[in-house]
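First comes the structure, then the notes that go with it.
In our numbering, the protein residues as written are 1 to 224.
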């Protein structure tokens, strides 16, 4: 299946680089630094510097990487979510769909560029270990199933966690969303030289976790 189908492609070539892993989290004695309010109990929790309270928990923990979904803490809250895709995610390229784990820097992929879909080089590829990870399994209207971390960005400022059945996703429609155990040992992401770092995965235009401002410029892209 050609995941680029439905997108108008203007061939523009440019010349040509998820989050980091961290130790498995352990509870930490709350004895310093940031105060965090537990929304469920309205109790203020003091977390030591470098630790934070995860959603649904009242313990201060170190950022646990993809195991926990948190890759960085700031002021007692998770400030950096782990966000990446499954290795078998199909990426649209000029030579056909390719698995994301088979793509290397310098390879061409399709992404948004100056208001159209174009072939652009990949600047960076990131592999992140993900033992015990849980992901969003998203079934799309073209029959594709995407698996990605809950914090993976869309092109319009949302994340996979925000998606519900019936929502649009990069030119397609979401049919179903499940949170499931992750079957692979690592997640992957790429950064193309596209507007906002976006690329086409499984036929849907999505953002890149490696782009500092993944939503910038996407208001100029029209879905087919």
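Cβ atoms here follow ideal geometry from the backbone N, Cα and C, with glycine treated the same way.
In terms of alpha-carbon separation, which member of the options lies closest to residue i?
i: residue 158; options: 209, 105, 195, 179; result: 209
i: residue 201; options: 130, 165, 127, 142; result: 142
i: residue 85; options: 190, 205, 203; result: 190
i: residue 211; options: 124, 160, 163, 146; result: 124
i: residue 178; options: 49, 98, 139; result: 139
i: residue 182; options: 89, 188, 130; result: 130
i: residue 225; options: 115, 176, 101; result: Here the chain comprises residues numbered 1 to 224, so residue 225 is not present and cannot be evaluated.
i: residue 145; options: 128, 119, 176, 188; result: 176
i: residue 188; options: 203, 127, 180; result: 127
In angstroms, rounded to a whole number, what distance separates the CA positions of residue i and residue j?
i: residue 171; j: residue 193; result: 20 Å
i: residue 205; j: residue 155; result: 7 Å
i: residue 137; j: residue 77; result: 26 Å
i: residue 134; j: residue 186; result: 11 Å
i: residue 53; j: residue 93; result: 40 Å
i: residue 75; j: residue 50; result: 8 Å
i: residue 46; j: residue 73; result: 13 Å
i: residue 99; j: residue 149; result: 17 Å
i: residue 58; j: residue 95; result: 49 Å
i: residue 180; j: residue 48; result: 31 Å
i: residue 34; j: residue 114; result: Only weak support is given to the placement of residue 34: the predicted model assigns it a pLDDT of 42, under 50, and the question is left unresolved by the model.
i: residue 97; j: residue 89; result: 9 Å
Quick check on residue i: buried or exposed, where buried means 16 or more other Cβ atoms within 10 Å of its Cβ?
i: residue 198; result: buried
i: residue 61; result: buried
i: residue 105; result: exposed
i: residue 195; result: buried
i: residue 147; result: buried
i: residue 174; result: buried
i: residue 26; result: The predicted model places residue 26 with a pLDDT of 42, which falls under 50 and marks its position as unreliable; any figure quoted below should be read in that light. Per the 10 Å Cβ criterion, exposed.
i: residue 111; result: buried
i: residue 166; result: exposed
i: residue 203; result: buried
Checking contacts by CB at 7 Å: is residue i closer than that to chain B?
i: residue 102; result: Structure shown: chain B not included; a single protein chain is present.
So residue i and residue j are supposed to be a Cβ contact under 8 Å. How far apart are they, rounded?
i: residue 91; j: residue 103; result: 6 Å
i: residue 108; j: residue 87; result: Contact doesn't hold; Cβ gap of about 20 Å is too wide.
i: residue 164; j: residue 151; result: 16 Å between Cβ atoms; not a contact.
i: residue 207; j: residue 153; result: 3 Å
Sorry if obvious, but does the Cβ on residue i come closer than 6 Å to a heavy atom of the ligand GTP?
i: residue 168; result: In the structure on display, the ligand GTP does not appear, and there are no ligands present to speak of.
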